[in-house]
Amino acid sequence: MVTPSDVTSTPAPAPRSLRPPGAADEDLPRIVPRRHVGRRLTAVVALLVLAMVLNSVIRNDAFQWDVVGRYFTTSAVLDGLLLSLWLTAVVMVLGFLLGTLLAVMRLSANPVLRALSWGYVWIFRSTPLLVQLLFWFNIGALYPTLGLGIPFGPQFLTVKTVNLLGPALTAVIGLTLHETAYAAEVVRGGILSVDSGQTEAAQALGLSRRRTLRRIVVPQAMRSIVPTAGNMLIGTLKGTSIVSVLAVHDLLYSVQLIYNQTYQIIPLLMVATLWYIAVTTVLGVGQFYVERYYARGDSRTLPPTPFQRLRGQLTTVRIRLSAATASDARPVTGGDR
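Be aware that the sequence shown starts at 1, since it is given in the numbering used here, and climbs by one per residue.
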C-alpha cells in the first residue's frame, strides 16, 4: 500500500475532459512511489548473509548429513520423541489446572489463600528447575516412607519413597510444580486484563462469582493468556530435555545413548535439533489459529492467515499483469505517435 509519506509531490493527472488535444498519458505527470534504496540494500545484504550461513551448514561435511538421515527416524529416537511429547502434554495440562487454582486463590478476598498462593509462586520461581528436579529425585533422603492415616496418629498405609518415585514420575512432579508457578501468574495477568466493568455488569445481572468467572471473565482473558501460554508450551517442550540428568529416556537422552556408542556427537545432536524445530513449528502454527479463535468479537481486525496472505499477493500480481497486458494491447491513436 502506498502511503502519503511514500509518494513524491507530483501533480495528479488532469481529467480527460481538461487535457489538451493530442496529449498522451505518458506526457502527463504521474504519481511515483518513493524509492527506498536503503531498505532494499538492507534486504539484499540480509539475504546474502543468510545464503552464506545456509551454504556453510549444508556443504560442511562435519555435520555428516548422511548420518543424520540414517538416525532421524530410528525407533530409539522416535520413542524418545514420544516421551518428550507426553511429558510436555501432561506437564502443561496439570500445570495450568493447578495454576488456575492458584491464580483464583491469589485474587481471593481471603488473606490466607492469597498468602499461600504468593508463597508458592515465590518459592518455585526463585529456585532453578534443575535444583528442583534433583531435590525431588533425592526426596527419599528426607522422607524414606510416605504414609496414609490419621494426622498425628496411626498410619494405615505406608510405602517406601524409593519404590514410589521413579525417574519418570519424579520428572512429571518436578516439571509440573515448576510450571504451576508460572502458569498461575499468566492466568492471573489474563484475568486482571479484563475490564472490571464486565464483572460489575455480571453482578448486576445476578450472576454468581463462579459463573461470572467461567462464562465472562475467562473467555475474555484467554486473549491475553494464549500468547504467553503458547510460549510456555514451547519452552516446556525444550525444557523436558533437562530430565536427561535423571536418566529419563526423552529425546535428548536417547540421542546421547546412541552417540556414546558411535561417537558421532554432532550428527546425533542435529537429529535432536531438527526434531525440536519441527515440533515447535507445528506448535507455533497451532498457537496462531488458537489466537485467531479467541480474538473473535474483538474490535481489532483478525490477522490474515498465511493462505489468505498468499492469496492476496497472488491476486495483486494477477491484477498488475492484467493491467500491463491491457496497456500493451491498447491501440495507438494519433496523440500517442
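Glycine included, each C-beta is placed from N, C-alpha and C at the ideal position.
Helix, strand or coil at residue i according to DSSP, with G and I counted as helix
i, result
"Thr145", "strand"
"Pro128", "coil"
"Pro151", "coil"
"Ser9", "With a pLDDT of 47 at Ser9, under the threshold of 50, the predicted position of this residue should be treated as unreliable, and no value is reported."
"Pro219", "helix"
"Pro33", "strand"
"Arg296", "coil"
"Val279", "helix"
"Leu207", "coil"
"Pro304", "coil"
"Leu18", "Residue placement at Leu18 cannot be trusted, given a pLDDT of 49 that sits under 50; what the coordinates show is reported in the next sentence. Looking at Leu18 - three-state DSSP - the assignment turns out to be helix."
"Pro4", "For Pro4, the predicted structure reports a pLDDT of 49, less than 50, and the residue's modelled location is therefore unreliable. A value from the coordinates is still provided. Pro4 falls in the helix class under three-state DSSP."
"Val248", "coil"
"Arg114", "helix"
"Ala109", "coil"
"Arg214", "helix"
"Asn138", "coil"
"Arg59", "coil"
"Arg318", "helix"
"Ala324", "helix"
Opening and closing residue of the beta strand (DSSP E) in which residue i lies
i, result
"Gln155", "Gln155 to Lys160"
Span separating the alpha-carbon of residue i from that of residue j
i, j, result
"Ala51", "Val121", "45 Å"
"Ala324", "Gly38", "28 Å"
"Val57", "Ser75", "26 Å"
"Ala89", "Pro128", "21 Å"
"Phe137", "Ala46", "47 Å"
"Ala221", "Ser196", "12 Å"
"Gln287", "Ile319", "33 Å"
"Leu207", "Trp86", "39 Å"
"Val49", "Gln261", "37 Å"
"Leu41", "Arg34", "15 Å"
"Glu291", "Gly69", "35 Å"
"Ala183", "Arg209", "22 Å"
"Ile266", "Val248", "21 Å"
"Val217", "Ser117", "20 Å"
"Asp66", "Leu274", "14 Å"
"Arg125", "Phe96", "15 Å"
"Leu269", "Thr305", "33 Å"
"Tyr289", "Thr280", "15 Å"
"Tyr143", "Arg114", "28 Å"
"Arg223", "Ile139", "39 Å"
"Ser322", "Leu314", "12 Å"
"Ala204", "Val112", "28 Å"
"Asp61", "Val53", "14 Å"
"Ala109", "Tyr294", "29 Å"
"Arg311", "Glu200", "44 Å"
"Gln198", "Val317", "46 Å"
"Ala380", "Pro219", "Not covered by the structure: residue 380. The range shown for the chain is 1 to 337."
"Leu94", "Ala168", "15 Å"
"Ile150", "Thr158", "12 Å"
Where the alpha helix (DSSP H) through residue i begins and ends
i, result
"Tyr182", "Pro167 to Leu192"
"Tyr263", "Tyr263 -> no alpha helix (DSSP H), and no H or E assigned at all."
"Leu102", "Ser75 to Arg106"
"Val67", "Trp65 to Tyr71"
"Ser196", "Ser196 to Ala204"
Sub-8 Å separation of residue i and residue j beta-carbons
i, j, result
"Leu252", "Ala272", "yes"
"Leu78", "Asp250", "no"
"Thr180", "Gly99", "yes"
"Thr161", "Leu246", "no"
"Met232", "Val282", "no"
"Leu148", "Phe156", "yes"
"Gln64", "Gln308", "no"
"Ser254", "Gly80", "yes"
Proximity test, residue i beta-carbon vs the ligand PLP heavy atom, cut-off 7 Å
i, result
"Tyr120", "This structure does not include the ligand PLP; it has no bound ligands of any sort."
If contact is defined by three or more beta carbon pairs under 8 Å, each pair taking one atom from either stretch, is the stretch 220-229 in contact with the stretch 237-253?
The answer is no - the stretch 220-229 does not touch the stretch 237-253, with fewer than three Cβ pairs under 8 Å.
Is the stretch 180-196 touching the stretch 94-103 in the sense that three or more CB pairs, one from each, lie closer than 8 Å?
The stretch 94-103 and the stretch 180-196 touch, with no fewer than 3 CB-CB distances between them shorter than 8 Å.
State whether the stretch 164-177 contacts the stretch 130-149, with contact taken as three or more CB pairs (one from each stretch) at a distance under 8 Å.
The stretch 164-177 is in contact with the stretch 130-149.
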